[in-house]
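Here the structure comes first, spelled out in structure tokens, and everything after it is commentary.
Protein chains: 2
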Amino acid sequence: MITLNEHYFKLQASYLFSDIAARVTSFQKENPEIDVIKLGIGDVTKGLTPTSIAAFHKAVDEMADDATFRGYGPEQGYEFLREAIAVNDFQSRGADISSDEIFVSDGAKCDTGNFQELFTSDITIAIPDPVYPVYLDTNVMAGRTGEFADGRYRGVVYLESTRENNFVPDLPEDKVDLIYLCFPNNPTGSTISKTELKNWVDYARDHKALILFDAAYESFIRDDSLPKTIYEVEGAREVAVEFRSFSKNAGFTGTRCAYTVVPKECRAYDGKGNIQHIHSLWHRRHCTKFNGVSYPVQRAAEATYSEEGKKETRALVDYYMRNADAVCDTFRSLNYEFAGGENSPYIWIDGKRDSWEFFDMLLRETGVVCTPGGGFGKCGNQYIRISAFNSYENVQTAMTRLTEKLK
Amino acid sequence: MITLNEHYFKLQASYLFSDIAARVTSFQKENPEIDVIKLGIGDVTKGLTPTSIAAFHKAVDEMADDATFRGYGPEQGYEFLREAIAVNDFQSRGADISSDEIFVSDGAKCDTGNFQELFTSDITIAIPDPVYPVYLDTNVMAGRTGEFADGRYRGVVYLESTRENNFVPDLPEDKVDLIYLCFPNNPTGSTISKTELKNWVDYARDHKALILFDAAYESFIRDDSLPKTIYEVEGAREVAVEFRSFSKNAGFTGTRCAYTVVPKECRAYDGKGNIQHIHSLWHRRHCTKFNGVSYPVQRAAEATYSEEGKKETRALVDYYMRNADAVCDTFRSLNYEFAGGENSPYIWIDGKRDSWEFFDMLLRETGVVCTPGGGFGKCGNQYIRISAFNSYENVQTAMTRLTEKLK
Chain L
2 MITLNEHYFK LQASYLFSDI AARVTSFQKE NPEIDVIKLG IGDVTKGLTP TSIAAFHKAV
62 DEMADDATFR GYGPEQGYEF LREAIAVNDF QSRGADISSD EIFVSDGAKC DTGNFQELFT
122 SDITIAIPDP VYPVYLDTNV MAGRTGEFAD GRYRGVVYLE STRENNFVPD LPEDKVDLIY
182 LCFPNNPTGS TISKTELKNW VDYARDHKAL ILFDAAYESF IRDDSLPKTI YEVEGAREVA
242 VEFRSFSKNA GFTGTRCAYT VVPKECRAYD GKGNIQHIHS LWHRRHCTKF NGVSYPVQRA
302 AEATYSEEGK KETRALVDYY MRNADAVCDT FRSLNYEFAG GENSPYIWID GKRDSWEFFD
362 MLLRETGVVC TPGGGFGKCG NQYIRISAFN SYENVQTAMT RLTEKLK
Chain Z
2 MITLNEHYFK LQASYLFSDI AARVTSFQKE NPEIDVIKLG IGDVTKGLTP TSIAAFHKAV
62 DEMADDATFR GYGPEQGYEF LREAIAVNDF QSRGADISSD EIFVSDGAKC DTGNFQELFT
122 SDITIAIPDP VYPVYLDTNV MAGRTGEFAD GRYRGVVYLE STRENNFVPD LPEDKVDLIY
182 LCFPNNPTGS TISKTELKNW VDYARDHKAL ILFDAAYESF IRDDSLPKTI YEVEGAREVA
242 VEFRSFSKNA GFTGTRCAYT VVPKECRAYD GKGNIQHIHS LWHRRHCTKF NGVSYPVQRA
302 AEATYSEEGK KETRALVDYY MRNADAVCDT FRSLNYEFAG GENSPYIWID GKRDSWEFFD
362 MLLRETGVVC TPGGGFGKCG NQYIRISAFN SYENVQTAMT RLTEKLK
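In the order they appear, the protein sequences are chains L and Z.
Our numbering numbers the first residue of the first sequence as 2 and each following residue consecutively.
Our numbering numbers the first residue of the second sequence as 2 and each following residue consecutively.
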């Protein structure tokens with residue numbers, strides 16, 4: 002008898018963003034005259050940069066000609082892209098990462114979801130609250146949690162991010178083995194200092210733990226004293242894997258390109274407690290279950306590292322950060338407390354009421370879509386997340402409507 | 002302590018094709034004057050069709066303009082592509098498959114590798130021998146096998162494909178729960194009749210088993226009496242999932258697009274033996290761990306279903322099948338026994354000696370790369386696989402060299 006992985010049945014309702022999309026669709030059907038402005042899902046709205054588009058077209062042309070056609074590429078990604086990543090995103094920051102430590106993929110969602118496969122199911126996981134749901138759901142599917150009760154899965158150590166700790170969780174009191182961190186944070190928009198991050202790296206070293214560090218939003222950091230990669234922190238190479246994406250900085254959400262960094266020294270332990278390096282295991286996993294990113298997409302991603310590409314990408318980020326500034330100004334003037342928005346495209350607003358209720362009210366009465374914080378965890382129950390990813394004009398309109406309603 | 006999934010340590014050496022690539026690279030380094038002809042890995046060599054290229058460019062242009070830009074798409078794939086698939090690949094064959102039963106992905110390798118996640122680790126799997134290594138390796142990683150000994154993993158039911166059964170395995174004597182089948186077969190190139198396939202569907206229905214049917218090579222079927230999809234067989238909707246790809250018919254190996262069909266009635270069982278439909282579980286898995294295929298790639302794939310696109314794709318397939326005919330002619334005249342090549346781009350040749358030895362000899366003495374059958378399983382130990390994916394000129398040269406050496 003073909004029996005199902007019953008851990009799936011522990012999962013709560015549908016995936017957060019599908020749930021929001023369903024509510025918005027139903028609202029739009031009932032109110033076709035209202036111009037809904039989406040500041041919910043963190044999806045970019047501006048086109049790819051001219052430099053990326055030119056490289057994309059050029060690579061498509063290569064695919065048309067037998068002489069330049071490319072079939073299966075290296076599963077890990079083409080060297081031209083991995084080298085550009087290593088030099089520009091790491092070595093330029095003094096982080097010692099080489100191209101063979103980069104694994105190009107089609108999304109940070111896939112990578113952060115898949116990485117847990119390398120470990121036993123009995124490890125203890127530490128997950129921030131609030132959190133990007135993928136970290137948690139993929140561990141539920143893998144059987145690393147108990148049942149869901151009172152808003153939380155049993156067996157998970159939740160790292161609470163609250164106003165009290167400035168949305169940077171304290172080190173866990175209980176011993177944990179696999180730690181998910183994300184800075185600049187989704188959903189709170191908070192950042193972590195190098196000193197704070199060093200505490201986590203030291204914790205991992207002391208407790209034989211591993212950190213999965215999601216840096217998908219690093220390009221939004223404007224404060225140069227903040228770490229842009231965990232490998233700026235001493236000792237991180239042994240205890241941290243980092244996830245990055247071209248989605249938010251270069252607008253690749255619909256184009257699909259990301260990467261994971263697994264340093265050669267990064268270690269875990271076998272059943273006898275012997276050190277094993279995980280680079281070769283992830284390599285094996287990647288080669289067995291993945292077949293590389295579309296060649297033209299890799300060329301479009303590479304182009305973001307050219308001089309012109311960098312300028313254009315920076316302009317894209319600046320564009321969205323002007324929106325973030327507008328959102329911050331609005332909620333400041335409305336006397337709401339919030340985090341984020343300074344080095345992040347997300348603004349995490351204390352609505353002082355149930356977050357789904359606030360979400361529904363905003364949708365119904367202003368036509369503005371946010372993300373209810375409760376969807377990210379218990380600590381988000383009275384927060385909403387507003388995203389800066391939309392046109393400047395739409396953000397202006399949304400802020401006017403919100404001011405009118407909430408003043 | 003972060004402990005590793007020790008099932009990974011059961012995996013044998015490196016992934017077959019990486020292994021071959023390493024041997025070829027080393028040979029080329031030592032013999033730079035020899036023009037190596039690769040008939041090993043099943044990778045296409047001809048460019049994408051003009052219709053696909055035009056659609057690809059058009060979609061890249063859409064990504065350049067804020068007004069037509071597409072961010073995150075539906076994880077399951079755009080309706081325009083799913084509808085084209087359902088109508089052209091299934092409904093046109095009388096197979097009742099609708100667009101919401103199609104899940105577009107970036108590769109059949111990923112899908113055939115990931116699908117097993119839905120099931121418990123104690124089910125019994127039935128895997129053909131010889132076999133595409135991904136089916137087996139992903140189950141090893143998931144802990145569904147014992148140790149490797151005498152060329153096989155313990156706990157797996159191997160479905161032997163030999164000359165005696167015309168390379169279509171017999172129904173298993175032991176009860177099995179998850180059955181992997183691939184027709185036209187990789188690596189043997191054999192096909193299955195509708196009657197034989199019906200026997201498997203009936204077995205699955207009688208034994209509460211599930212069939213994972215890999216139809217990545219269906220476009221090479223020239224004999225119209227053969228089933229092109231398992232859903233041509235009565236009763237398959239309840240017990241079969243099918244995998245398809247644009248890699249081999251439309252040359253998408255480096256472009257990346259594939260899909261999986263999960264009919265709404267397709268069922269498995271929970272721990273209490275109750276029927277559960279797996280469509281919703283795969284949907285949840287797909288939405289949680291995957292973020293959709295690159296939009297321009299989906300447009301390029303859609304274009305293969307236009308009238309012009311179909312003609313061009315058919316011409317591509319015919320081109321490779323002319324190569325297959327040439328390979329068959331050569332080995333027939335050399336008096337080798339072989340299977341495949343008629344409705345498949347693969348020719349499975351009985352070398353009557355150890356397959357790695359034959360591989361090395363051919364590489365060294367003719368500069369032709371094949372795939373040693375032993376890499377696909379014990380039953381492949383004295384076979385080699387020759388692929389028709391290369392230019393007609395290269396295949397001609399390779400066949401001349403082989404004739405010279407083996408006559």
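For every residue, glycine included, the Cβ atom is placed at its ideal position computed from N, Cα and C.
Cβ contact check for the region 140-157 of chain Z and the region 275-282 of chain Z: 3 or more pairs under 8 angstroms: Between the region 140-157 of chain Z and the region 275-282 of chain Z, the count of Cβ pairs shorter than 8 angstroms is below three; the stretches do not touch.
Neighbouring residues, chain L, relative to D178/Z (Cβ below 9 angstroms): By 1-based counting over the second sequence, the position of residue 178/Z is 177. M2, I3, T4, listed in chain order.
Looking at C-alpha atoms only, which residue of N391/L, L335/L, I350/L, E343/L is the closest neighbour of K406/L? In the first sequence, residue 406/L corresponds to position 405, counting from 1. The candidate whose alpha carbon is nearest that of K406/L is L335/L.
I want to see whether chain L comes within less than 8 angstroms of Q277/Z, judged by CB atoms only; does it? Taking the second sequence and counting its residues from 1, the one referred to as residue 277/Z is at position 276. Closer than 8 angstroms: yes.
Give the secondary structure of K209/L by DSSP, where H, G and I count as helix, E and B as strand, and everything else as coil. Looking up residue 209/L in the first sequence gives position 208. In this structure, DSSP gives K209/L a state outside helix and strand, which the three-state scheme calls coil.
By Cβ distance below 7 angstroms, which residues in the same chain neighbour V369/Z in space, the five residues on each side in sequence not counted? Working through the second sequence from its first residue, we reach residue 369/Z at position 368. Closer than 7 angstroms at the Cβ level, and outside the excluded window around V369/Z, lie I38, L40, L363, A399, R402, L403.
Ignore the nearest five residues each way along the sequence and tell me which others in R365/L's own chain have a CB closer than 8 angstroms to its CB. Taking the first residue of the first sequence as position 1, residue 365/L is located at position 364. Counting only Cβ-Cβ distances below 8 angstroms, and skipping sequence neighbours, we find F28.
Taking I86/Z and Y260/Z to be in contact with their CB atoms under 8 angstroms, please state how far apart those CB atoms are, rounded to whole angstroms. By one-based count along the second sequence, residue 86/Z stands at place 85. By one-based count along the second sequence, residue 260/Z stands at place 259. Their Cβ separation, rounded to whole angstroms, is 6 angstroms, which keeps I86/Z and Y260/Z in contact under 8 angstroms.
For R24/Z, which residues in chain L fall below 7 angstroms Cβ to Cβ? As a working mapping, residue 24/Z is identified with position 23 in the second sequence. Simply none; closest approach about 16 angstroms.
Which of helix, strand or coil DSSP assigns to F214/L: Counted from its first residue, the first sequence places residue 214/L at position 213. Of the three classes helix, strand and coil, the one that applies to F214/L here is strand, per DSSP.
Integer Cβ distance of P373/L from W357/L, believed to fall under 8 angstroms: As a first step, residue 373/L must be located in the first sequence, where it is residue number 372. As a first step, residue 357/L must be located in the first sequence, where it is residue number 356. Right, their Cβ atoms sit about 5 angstroms apart.
Between the region 315-332 of chain Z and the region 290-301 of chain L, do three or more beta carbon pairs fall short of 8 angstroms? In this structure the region 315-332 of chain Z does not lie against the region 290-301 of chain L, because fewer than three pairs of beta carbons, one per stretch, are closer than 8 angstroms.
Candidates G72/L, S248/L, L49/L, of which the one nearest T256/Z by Cα: Working through the second sequence from its first residue, we reach residue 256/Z at position 255. Closest in alpha carbon position to T256/Z, among G72/L, S248/L, L49/L, is G72/L.
Taking Cβ-Cβ distances below 7 angstroms as the criterion, which residues of the region 198-224 of chain Z are in contact with chain L? Residues passing the 7 angstroms Cβ filter: K209, A210, L211.
Pairing CB atoms from the region 268-279 of chain Z with CB atoms from the region 90-104 of chain L, are three or more of them under 8 angstroms? Verdict: no, contact absent.
With 16 as the cutoff for other CB atoms within 10 Å, does N186/Z come out buried or exposed? The count along the second sequence starts at 1 and reaches residue 186/Z at position 185. Flag for N186/Z reads buried.
Assign F81/Z to one of three DSSP states: helix, strand, or coil. Reading the second sequence from its first residue, position 80 is the one you call residue 81/Z. For F81/Z, the secondary structure class from DSSP, reduced to helix, strand or coil, is helix.
Applying the criterion that 16 or more other CB atoms from any shown protein chain within 10 Å of the CB defines a buried residue, is A216/L buried or exposed? Here the question's residue 216/L lines up with position 215 in the first sequence. Counting Cβ neighbours within 10 Å, A216/L comes out buried, since at least 16 surround it.
Just to check my reading of the structure: F244/L and D112/L have Cβ atoms closer than 8 angstroms, yes? What is that Cβ distance to the nearest angstrom? Along the first sequence, read from residue 1 onward, the residue named residue 244/L stands at position 243. Along the first sequence, read from residue 1 onward, the residue named residue 112/L stands at position 111. Sure, about 5 angstroms apart at Cβ, within 8 angstroms.
Looking only at its chain, what residues have a beta carbon closer than 8 angstroms to the beta carbon of C267/Z, apart from the 5 residues adjacent to it on each side? Position 266 of the second sequence, counted from the first residue, corresponds to residue 267/Z. So the list reads L211, R238, E239, V240, A241, V242, H278, I279, H280, once near-sequence residues are dropped.
Evaluate contact between the region 307-324 of chain L and the region 50-63 of chain L, counting only Cβ atoms and requiring at least three cross-stretch pairs below 8 angstroms. With the cut-off at 8 angstroms, the region 307-324 of chain L and the region 50-63 of chain L touch.
Within chain L, partners of G375/Z - CB distance below 9 angstroms: One-based indexing of the second sequence puts residue 375/Z at position 374. Going along chain L, no residue has its Cβ under 9 angstroms from G375/Z, so there is no contact; the nearest lies around 18 angstroms.
7 angstroms CB neighbourhood of Y136/L in its chain, flanking five on each side removed: Along the first sequence, one-based indexing puts residue 136/L at 135. Taken in chain order, the residues that qualify are T113, I128, Y181.
Whole-angstrom Cβ separation of L317/L and A389/L, contact assumed at under 8 angstroms? Position 316 of the first sequence, counted from the first residue, corresponds to residue 317/L. Position 388 of the first sequence, counted from the first residue, corresponds to residue 389/L. The pair is not a contact, with the Cβ atoms about 12 angstroms apart (cut-off 8 angstroms).
For D319/L, would you say it is in contact with chain Z, using Cβ-to-Cβ distances shorter than 8 angstroms as the test? For the purposes of this step, residue 319/L is identified with residue 318 of the first sequence, where counting begins at 1. Chain Z, which has no Cβ nearer than 8 angstroms to the Cβ of D319/L, makes this no.
Minimum length 3: unbroken beta strand (DSSP E) runs contained in the region 144-213 of chain L: As far as the region 144-213 of chain L is concerned, its whole beta strand (DSSP E) runs of at least 3 residues are 158-161, 179-183.
DSSP beta-bridge partners for I276/Z? For the purposes of this step, residue 276/Z is taken as residue 275 along the second sequence, with counting starting at 1. In the DSSP output, where bridge partners are listed per residue, I276/Z has Y270/Z.
Between R285/L and chain Z, is any beta-carbon pair separated by less than 8 angstroms? Here residue 285/L corresponds to residue number 284 of the first sequence, with the count starting at 1. R285/L counts as touching chain Z.
Helix, strand or coil at G368/L according to DSSP, with G and I counted as helix: Counting from one through the first sequence, the residue named residue 368/L turns up at place 367. Residue state, collapsed to three classes: coil.
Below 8 angstroms on C-beta distance, what does P100/Z contact in chain L? By one-based count along the second sequence, residue 100/Z stands at place 99. A quick correction: the sequence has Ser, not Pro, at residue 100/Z. Within 8 angstroms Cβ-Cβ: nothing; S100/Z doesn't reach chain L, min ~18 angstroms.
Over the uninterrupted beta strand (DSSP E) stretch that includes E243/L, give me the two end residues. Numbered from 1 along the first sequence, position 242 holds the residue referred to as residue 243/L. Segment 241-246, the beta strand (DSSP E) holding E243/L.
List the residues of chain Z whose Cβ lies closer than 7 angstroms to the Cβ of V61/L, in chain order. As a first step, residue 61/L must be located in the first sequence, where it is residue number 60. Within 7 angstroms Cβ-Cβ: I54, F57, H58, V61.
Using a Cβ-Cβ cut-off of 6 angstroms (strictly less than) and excluding sequence neighbours within five positions of A205/Z, which residues of its own chain qualify? Here residue 205/Z corresponds to residue number 204 of the second sequence, with the count starting at 1. I212, V240, listed in sequence order.
Excluding five sequence neighbours on each side, which residues of the same chain lie with their C-beta closer than 6 angstroms to the C-beta of A304/Z? The residue labelled residue 304/Z in the question sits at position 303 within the second sequence. T52, S53, A56, G310.
Among Y296/L, G341/L, P75/L, nearest to F221/L - alpha-carbon criterion: In the first sequence, residue 221/L corresponds to position 220, counting from 1. The closest CA to that of F221/L, considering only Y296/L, G341/L, P75/L, is found on G341/L.
With 16 other CB atoms within 10 Å as the buried threshold, where does K353/L fall? Mapped onto the first sequence, residue 353/L falls at position 352. In this structure K353/L is exposed. Its beta-carbon is surrounded by fewer than 16 other beta-carbon atoms within 10 angstroms.
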